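Taking numbering that gives the first Met the number 0, the leading residue of the sequence shown gets 0, the next gets one more, and so forth.
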Amino acid sequence: MRKLIDAIEGILTATAISGGGSTEAVNFALKKVNWKTRLIAPEPLSQPVVDAQLDAACAISGQYGSNPHMIAEAVLAVKDELRWETVYEDREDEPDMAAFSRNFSYTSLIGPDAPLRTDKIAAGLSLQGRDTYYPPHAHQAVESYWIVGGDGDWKVGIEPWFPVRPGDAIFHETGARHAMQTNAEPMLAVWLWTSHLDSDLVIVRG
Ligand SMILES: [Fe+2]
Numbered sequence: 000m001r002k003l004i005d006a007i008e009g010i011l012t013a014t015a016i017s018g019g020g021s022t023e024a025v026n027f028a029l030k031k032v033n034w035k036t037r038l039i040a041p042e043p044l045s046q047p048v049v050d051a052q053l054d055a056a057c058a059i060s061g062q063y064g065s066n067p068h069m070i071a072e073a074v075l076a077v078k079d080e081l082r083w084e085t086v087y088e089d090r091e092d093e094p095d096m097a098a099f100s101r102n103f104s105y106t107s108l109i110g111p112d113a114p115l116r117t118d119k120i121a122a123g124l125s126l127q128g129r130d131t132y133y134p135p136h137a138h139q140a141v142e143s144y145w146i147v148g149g150d151g152d153w154k155v156g157i158e159p160w161f162p163v164r165p166g167d168a169i170f171h172e173t174g175a176r177h178a179m180q181t182n183a184e185p186m187l188a189v190w191l192w193t194s195h196l197d198s199d200l201v202i203v204r205g
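Structure (structure tokens):
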């Protein structure tokens, strides 16, 4: 687990150096978190999409030695120790949300109830299974994403869809509407929230 936390700190540090939309957010995260604090092991929990597709996502993680590759290797080493959760379980009456809920899982690694405990930020991993659509949604939390393994398409606000692959970073301002679509491969990503940690996820229809 320490290796995974170190690898996430590594991708944040690389982003702080290279610039881009997430620079302010990652600098906040790097400064406000005691990254070397003792880790608390979660009670492991897996989900069907994780059992079926995590390995495949990790197998497409970019060049050996790159930050995405190091994160993917660290994920595989501790995959049985992580606590994977689901979202939108209460929306079974909406077909696209029911499908999404079955094909998406996330784990918290840093945050108020996470292995690295802090009330300043929240961060972890998300896994979106193959051929899965995450409908447009928004939240108050300022959010950064890094693609670790696999690939997909992403949409922010009214901008056109764009393809993403390992190493790509995506930034969402407060309230930015975003949607994700996977195709032939699943998509594993690191997510980071640097404000409004208690935000609700709101699906935006229309
Ligand atoms: Fe989001």
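Positions of the beta carbon are idealized from the N, C-alpha and C atoms, including for glycine. Note that the structure is predicted; figures quoted are calculated from it, not measured.
| Among Asp95, Thr117, Ala121, nearest to Thr106 - alpha-carbon criterion | Ala121
| task | Helix, strand or coil for Thr85, going by three-state DSSP, please let me know. | result | coil
| request: Go through the residues and name those whose CB comes closer than 6 Å to any heavy atom of ligand 1, in chain order. | output: His138, Glu142, His171, His177
| said: In whole angstroms, give me the CA-to-CA distance for Trp190 and Cys57. | reply: 16 Å
| field | Best match in Ala51, Asn33, His171 for proximity to Pro114 [C-alpha to C-alpha] | value | Asn33
| request: Determine the DSSP secondary structure at Lys2, reduced to helix, strand or coil. | output: helix
| field | Coarse secondary structure for Gln180, derived from DSSP in three states | value | strand
| field | Among Asp118, Gly61, Arg82, nearest to Phe27 - alpha-carbon criterion | value | Asp118
| said: Buried or exposed, going by whether 16 or more other CB atoms sit within 10 Å of the CB of Ser17? | reply: exposed
| query | If you drop the 5 nearest sequence neighbours on each side, which residues of the same chain put their C-beta closer than 6 Å to that of Asp167? | reply | Ile146
| said: Can you tell me whether Pro135 is helix, strand or coil according to DSSP? | reply: strand
| By DSSP, does Pro159 sit in helix, in strand, or in coil? | coil
| request: Would you list the one or two residues that DSSP bridges to Val189? | output: Leu124, Trp145
| field | Cα-Cα separation between Asn102 and Thr22, rounded to whole angstroms | value | 30 Å
| Spatial distance of Tyr63 from Glu158 (CA atoms) | 32 Å
| Close Cβ partners of Pro111 (< 8 Å) along its chain, the five nearest in sequence each way excluded | Thr117, Asp118, Ala121, Leu196
| said: Suppose you measure from the CA of Val74 to the CA of Pro43; what does that come to, to the nearest Å? | reply: 13 Å
| task | Determine the direct distance from the alpha carbon of Trp192 to that of Thr12, and round the result to whole angstroms. | result | 16 Å
| request: Taking 8 Å as the cut-off, decide whether the C-beta atoms of Gly9 and Phe170 are in contact. | output: no
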